[in-house]
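As structure tokens, the structure follows; a few thoughts come after it.
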Amino acid sequence: MKIIFLSLLTTTIMTATTWQNIQSPVETQVSLDVQSGSLERSIVEFNIDGFHLISVQTHEGEMYLARLEDGASLLEEGFPDMHKYARSILIPDDKQMAIKVLSSEFVDY
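Counting with UniProt numbering, you get residues 1 to 109 for the letters of the sequence shown.
See the structure below:
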């Protein structure tokens with residue numbers, strides 16, 4: 001019974017989900033590559049080749065939720081249900097942290 005339920009749930013989610021291509025027509029997971037890393041400095045690269053749009057019905061009509069593979073919802077009342085993708089890096093206790101974006105590319109929707 002559990003297997004049938006999970007199969008039905010998976011099928012329902014997959015048919016309601018549409019892959020939105022940014023750089024790959026095939027569904028891919030978000031990739032995180034550590035370009036270099038030390039206790040003093042870490043350079044990481046995030047690549048998002050696409051995302052899923054899930055259709056939902058609201059009192060204002062049909063809307064869509066944008067979802068990433070391995071993403072997590074922000075769940076803040078009054079704000080859009082957006083996904084975030086976060087990973088941890090080590091920061092020594094006696095150090096301070098600063099973030100610098102070296103480059104970025106995006107597609108406007």
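Even glycine gets a Cβ: it sits at the ideal position worked out from N, Cα and C. Please read all numbers here as calculations on a predicted model, not as lab measurements.
For F51, I'd like the list of residues in its chain whose CB is within less than 7 Å of its CB, leaving aside the five on either flank, ordered along the chain. For F51, where only same-chain residues beyond five positions count, the Cβ hits under 7 Å are Q20, A66, R67, L68.
What residues match up with L53 in a beta bridge as DSSP calls it? Paired residues: T18, A66.
In three-state DSSP terms, what is D94? Looking at D94 - three-state DSSP - the assignment turns out to be coil, as it is neither helix nor strand.
Assuming I48 and V34 form a contact by the criterion Cβ under 8 Å, report the distance between their Cβ atoms to the nearest whole angstrom. Rounded, the Cβ-Cβ distance is 17 Å, inconsistent with contact.
Rounded to whole angstroms, what is the Cα-Cα separation between I91 and Y64? Answer to the nearest angstrom: the Cα atoms are 37 Å apart.
Rounding to the nearest angstrom, what Cα-Cα distance links S55 and E62 in this structure? So the two alpha carbons sit approximately 7 Å from each other.
Here's a check: name, in chain order, each residue in its chain whose Cβ is nearer than 7 Å to the Cβ of M97, leaving out the five neighbours to either side. Here the set comprises I91.
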